[in-house]
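In what follows, a single structure is set out as structure tokens and then discussed.
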Amino acid sequence: MNPPGTTLIHWAGLAALIAGLLFAGIQSLYPPDTLASVTTGTWAVITPVKTVMCLLFLVGLTGLYTRQVRRAGWLGLAGFVLLGLSRLLQTAFVFAEAFILPLLAQTASAFVSGSLGLASGVSSEVQLGPLPALHTFVGLSEVPRC
Numbered sequence: 001m002n003p004p005g006t007t008l009i010h011w012a013g014l015a016a017l018i019a020g021l022l023f024a025g026i027q028s029l030y031p032p033d034t035l036a037s038v039t040t041g042t043w044a045v046i047t048p049v050k051t052v053m054c055l056l057f058l059v060g061l062t063g064l065y066t067r068q069v070r071r072a073g074w075l076g077l078a079g080f081v082l083l084g085l086s087r088l089l090q091t092a093f094v095f096a097e098a099f100i101l102p103l104l105a106q107t108a109s110a111f112v113s114g115s116l117g118l119a120s121g122v123s124s125e126v127q128l129g130p131l132p133a134l135h136t137f138v139g140l141s142e143v144p145r146c
């Protein structure tokens with residue numbers, strides 16, 4: 001019988017594997033980041049899957065760090081915390097894409113267009129507050145984007 005920690009690391013590895021497969025699978029299906037795409041059926045299917053993918057990646061990342069914790073040291077901890085924070089913020093952006101932006105597409109189209117423009121660097125017509133700065137942090141602190 002495996003100790004509980006080993007079993008959790010194995011489950012985290014499976015979560016990371018599934019996240020990676022989802023990442024590879026949805027790339028060709030992902031609709032463009034435009035206002036017209038937000039209310040489509042493809043958007044309604046892909047973005048919740050993308051949200052699940054990001055959550056699974058967080059679980060996998062935690063398992064990977066847990067496996068390496070003794071050898072990682074303080075620098076490893078700092079890297080894990082920064083990458084984890086970045087992934088958590090990215091998950092929040094993806095959640096908003098999946099569940100908030102479609103609801104606002106008709107009534108606040110300028111906000112939705114501005115939010116979608118964050119990923120491509122398109123400036124917004126409306127003030128988005130700290131969202132552009134947070135999105136920049138997410139982009140600078142990670143290599144693979146959800």
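FYI, the numbering for the sequence shown is 1 to 146, going by full-length UniProt numbering.
Don't be surprised by glycine CBs; every beta carbon is placed ideally from N, CA and C.
Owing to the predicted nature of the structure, the values given are computational and were not obtained by experimental measurement.
- Here the stretch 2-22 makes contact with the stretch 61-69; the two share three or more CB pairs at distances below 8 Å.
- Secondary structure at L128: coil, using DSSP grouped into helix, strand and coil.
- Spanning the alpha carbons of P32 and R70 requires a straight line of approximately 43 Å.
- Cβ contact annotation for S113 (same chain, cutoff 6 Å, sequence separation greater than five): L35, in chain order.
- Where S86 is concerned, the enclosing alpha helix (DSSP H) starts and stops at 41-95.
- In terms of Cβ geometry, M53 and F23 form a close pair [threshold 8 Å].
- Looking only at S28, T47, L29, L58, the smallest Cα-Cα distance to L17 is reached by L58.
- Contact check between the stretch 97-114 and the stretch 38-47: three or more CB pairs, one atom from each, fall below 8 Å, which counts as touching.
- For the 8 Å CB-CB criterion, T51 and T91 form a contact.
- Taking 8 Å as the cut-off, the Cβ atoms of A110 and L56 do not count as close.
- Within a 10 Å sphere around the beta-carbon of A19 sit 16 or more other beta-carbons, which makes this residue buried.
- Take W43, set aside five residues on each side of it, and the residues of its chain with a beta-carbon closer than 6 Å to its own are P31, S37, in chain order.
- Counting of Cβ neighbours within 10 angstroms places G41 among the exposed residues, the total staying below 16.
- In this structure, G13 is the residue among L131, W74, G13 with its C-alpha nearest to the C-alpha of G60.
- Under a 10 Å Cβ-count criterion, G117 is classified as buried, with 16 or more other Cβ atoms of the shown protein chains found around its own Cβ.
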